[in-house]
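*Asks:*
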Amino acid sequence: MKTATSGTRRALTTWGMAALLALSAPAWAQLRIGQPSGFTGSVAAGVKENTEGAKLYLDAVNARGGVNGQKIELISVDDKFDPKLTVEAARELVTRQNVLALFLNRGTPHAQALLPLLSELKVPLVGPSTGAMALHDPVHPWLFNVRATYQREAAKAIEHLASIGIARIAVLETDDSFGADSAKGALAGFAKAGIKPVLQDKFPRDKPDFAELAPKVHQSNAQAVMIIGSAGNTANAVKAIRAAGSRAQIVTLSNNASEGFIKLLGEHARGVIVTQVFPNERSVAYPLIKEALDLAKAKGMDGVSPAMMEGFAAAKVLVEGLRRAGPNPTPVALRDALEGLRNFNLGGLSVSYSPTNHTGLDFADLSIVDATGKFRR
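Residue numbers for the sequence shown follow full-length UniProt numbering, so the first one is 1 and each next one is one higher.
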């Protein structure tokens, strides 16, 4: 009877050790991250750009060997911009695909719908693409924001309009938690400026018809109108307002800070004001922007959009949390690592968290779409 050669024995021993390690390793050793978001529907353009920005950074990290020797796998799932599907997809990602964290989902009602699940499954959500105040206050122990709030953006925009002599301002808001939250910020801006909106009205999130609202805007003699809604709905509102004869200045929030939104606006894009929650995407004075531009150039891309910068920054925070969570991270270890983050330099912007503060950044600015279809500051 033949016996195994020493080489064969070594191979069997090596295979056996590898199998044992595989069986004993935690389910999260692959650094799998789940992203349930609206890759189809009215927010698809922005979601895709968010994700491109995140992948720009994650791909660079993986090319350098990953985090603590392990590569990051981003598992993106289309929730069709439906909060119910967001929760279903997230549960599947956590319980069946063993993701370490949820990441960069889009939508205020969607992120709010995830909050009970985060507590139930004890898994963090990092960098939701929404600025809802409800995700900041009260602090949720498993949710880590990266970007500023919609209330801050909306207030800043109204205050800016008032400062340049525009006092007749209308507000159209989507009839959901995102719209209500953002409108609250706008009203704070009105109060600070000592004026009131000439019109404030709502439209449904799903398949709105602006045939009635647009004439109201025109009849109000509004000099400007703030539209709080998804990219598709906002673009349709703008077209209806213009068709009704109004030449009011259009203002919207950073959820529409994507090149895809500009394309949806078409001939009506020029002059639209969009609030921003990151520095000018061409400002290389910020190391964060320069890093993103350099990585984009290396991939043969023309540049980065504001929506891409949101994903890029969120990915940087996620990676730093993974690094600090150690070589065999768990969702709990990642949560604890993020909460211990103090003055982490993203590249000219600093991020800190604590048990009583999961806000992240507070940067807010304004941009305007120029004649070439680019955001200008």
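Don't be surprised by glycine CBs; every beta carbon is placed ideally from N, CA and C.
(1) Sorted by chain position, which residues of the same chain lie with C-beta nearer than 7 Å to residue 162's C-beta, five sequence neighbours on each side aside?
(2) Quick check on residue 361: buried or exposed, where buried means 16 or more other Cβ atoms within 10 Å of its Cβ?
(3) Do the CB positions of residue 174 and residue 228 come within less than 8 Å of each other?
(4) Which partner residues does residue 210 have in the DSSP bridge list?
(5) Can you give, in chain order, each stretch of the alpha helix (DSSP H) that sits fully within the region 61-95 and has at least 4 residues?
(6) Report the rounded CA-to-CA distance for residue 244 versus residue 278, giving the unit in angstroms.
(7) Any contact between the region 213-227 and the region 143-150? By contact I mean 3 or more CB pairs, one from each, below 8 Å.
(8) Please name the residue or residues paired with residue 181 in a DSSP beta bridge.
(9) Anyone know if the C-beta pair for residue 63 and residue 104 falls short of 8 Å?
(10) Using the Cβ count rule (16 or more neighbours within 10 Å means buried), how would you classify residue 284?
(11) Suppose only complete runs of 3+ residues qualify. What are the beta strand (DSSP E) ranges in the region 94-121, listed by chain order?
(12) Have a look at residue 26 and residue 73 and give me their C-alpha separation to the nearest angstrom.
(13) If you run the structure through DSSP and keep just helix, strand and coil, what is residue 270?
(14) Buried or exposed for residue 164, going by 16 or more other Cβ atoms inside 10 Å?
(15) Between the alpha carbons of residue 111 and residue 41, how many angstroms are there, rounded?
(16) Starting from the Cα of residue 223, find the closest Cα among 167, 276, 230, 206 and give me that residue.
(17) In angstroms with no decimal places, state the Cα-to-Cα distance between residue 108 and residue 68.
(18) Does the contact criterion of 3 or more C-beta pairs under 8 Å hold for the region 38-52 versus the region 307-318?
(19) Within its chain, find whatever has a CB closer than 7 Å to the CB of residue 268; leave out the 5 residues flanking it on each side and keep chain order.
(20) Are the C-beta of residue 71 and some C-beta of chain D separated by less than 8 Å?
(21) Just verifying my parser: in three-state terms, what is the DSSP assignment at residue 355?
(22) Determine the DSSP secondary structure at residue 339, reduced to helix, strand or coil.
(23) Excluding the 5 residues flanking residue 75 on each side, which residues of the same chain have their C-beta closer than 8 Å to its C-beta?
(24) Got a sec? Which residues, its chain only, sit under 6 Å from residue 198 by beta carbon, not counting five neighbours each side?
(25) Assuming residue 306 and residue 254 make a contact with CB atoms under 8 Å, what is their CB distance in whole Å?
(26) Do you know offhand how far residue 126's Cα is from residue 115's?
(27) What separation, rounded to the nearest whole angstrom, lies between the Cα atoms of residue 6 and residue 301?
(28) Quick check: the Cα distance between residue 201 and residue 322, rounded to an integer number of angstroms?
*Replies:* Taking the coordinates as given:
(1) If we look at residue 162 and ignore the five residues flanking it on each side, its Cβ neighbours are 193, 195.
(2) Taking a 10 Å sphere around the C-beta of residue 361, we find 16 or more other C-beta atoms and assign the residue as buried.
(3) The answer is yes: Cβ separation under 8 Å.
(4) Per DSSP, none; premise fails for residue 210.
(5) If we require 4 residues or more, the alpha helix (DSSP H) runs fully inside the region 61-95 come out as 83-95.
(6) 34 Å
(7) Touching, no, given that fewer than three Cβ pairs across the two stretches are closer than 8 Å.
(8) Paired residue(s): none; residue 181 is not in a bridge.
(9) no
(10) With fewer than 16 other Cβ atoms within 10 Å, it is exposed.
(11) List check, beta strand (DSSP E) in window: 101-103.
(12) With a pLDDT of 45 at residue 26, under the threshold of 50, the predicted position of this residue should be treated as unreliable, though the coordinate-derived value follows. When rounded, the distance between both Cα atoms is 15 Å.
(13) coil
(14) exposed
(15) 17 Å
(16) 167
(17) 33 Å
(18) yes
(19) 238, 239, 242
(20) The structure shown contains no chain D; it holds only a single protein chain.
(21) coil
(22) helix
(23) 32, 33, 34, 35, 93, 97, 99
(24) 168, 170, 220, 222
(25) At roughly 7 Å, the Cβ-Cβ gap stays under 8 Å, so residue 306 and residue 254 are in contact.
(26) Those two C-alpha atoms are separated by around 12 Å.
(27) Residue placement at residue 6 is poorly supported in this model, since its pLDDT is 43, which falls under 50; the coordinates still yield a value, given next. If I take the Cα positions, the gap works out to 52 Å.
(28) 44 Å
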